[in-house]
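In the numbering used here, the protein residues as written are 13 to 276.
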């Protein structure tokens, strides 16, 4: 019985994705069964649409910029939090993770008011700023959870052997937490790439891919929307898989290091 409920849950979760993917290859513009044939015409149509291509490029630019900025700010913040102790660490940790508890609608309106007050025109710059604020808590939490299992005495040992703080970080700390930072950066990219609610408020004339798909759906529900959605989904899944491989690689390195310690 439990196995049945598990399969029911999986079907409920992935059936919409399967249907969208299936009809993105439908040769007919009809979005109903029976399935008449397989065709790539909707993908050809969507890749010939300059609006779609521009929005896809904008999403890639914003996602990459968000991941880069979040990686720098998030890594420094996570390292700083790891070195705090007691209540101070708890307070600053809650403050760093606080934006996650805020509804996207509230954060979007607050950012629009802020940008208006400082005279910053809505553009891809404001979208990137908003996405950094949105993804930064997830990055910090992911990296901080890894640093908590890192033995800081290794850095102290490196310094005792004559290494500078920068050298001890580059040669000792970074190789250990590097895969986690890479995975968190990819997660930031994926979250930014798919973000819709906040982007609605802070975007200008240059729209991102989720906004373009939403605009297409407001006009009419057509098969090319399925193709656009599958492309967006494929990019997101690809990023998540790469992040998962980085985490797996990190665990493999950690297990290898433990095995060597046991042998010695």
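Virtual Cβ for every residue (Gly too), placed ideally from N, Cα, C. These numbers were taken from a predicted model, which means no experiment stands behind them.
Under the rule that 16 or more other beta-carbon atoms within 10 Å means buried, what is residue i, buried or exposed?
i: residue 27; result: exposed
i: residue 158; result: buried
i: residue 156; result: buried
i: residue 191; result: buried
i: residue 29; result: exposed
i: residue 227; result: exposed
i: residue 140; result: buried
i: residue 98; result: exposed
i: residue 258; result: buried
Can residue i and residue j be called in contact, C-beta distance under 8 angstroms?
i: residue 74; j: residue 219; result: no
i: residue 236; j: residue 58; result: yes
i: residue 32; j: residue 217; result: no
i: residue 138; j: residue 132; result: yes
i: residue 165; j: residue 82; result: no
i: residue 109; j: residue 149; result: yes
i: residue 151; j: residue 214; result: no
i: residue 142; j: residue 196; result: no
i: residue 39; j: residue 49; result: yes
i: residue 224; j: residue 63; result: yes
Nearest to residue i by alpha carbon, out of the options?
i: residue 52; options: 252, 210, 242; result: 242
i: residue 68; options: 251, 102, 257, 247; result: 247
i: residue 105; options: 230, 25, 78, 86; result: 86
i: residue 124; options: 211, 187, 72; result: 211
i: residue 91; options: 230, 193, 264, 255; result: 193
i: residue 244; options: 147, 93, 36; result: 36
i: residue 188; options: 256, 56, 261, 116; result: 261
Looking only at DSSP bridge pairs, what is residue i linked to?
i: residue 38; result: 50
Kindly indicate which three-state DSSP category residue i falls into: helix, strand or coil?
i: residue 175; result: coil
i: residue 255; result: helix
i: residue 199; result: helix
i: residue 207; result: coil
i: residue 238; result: helix
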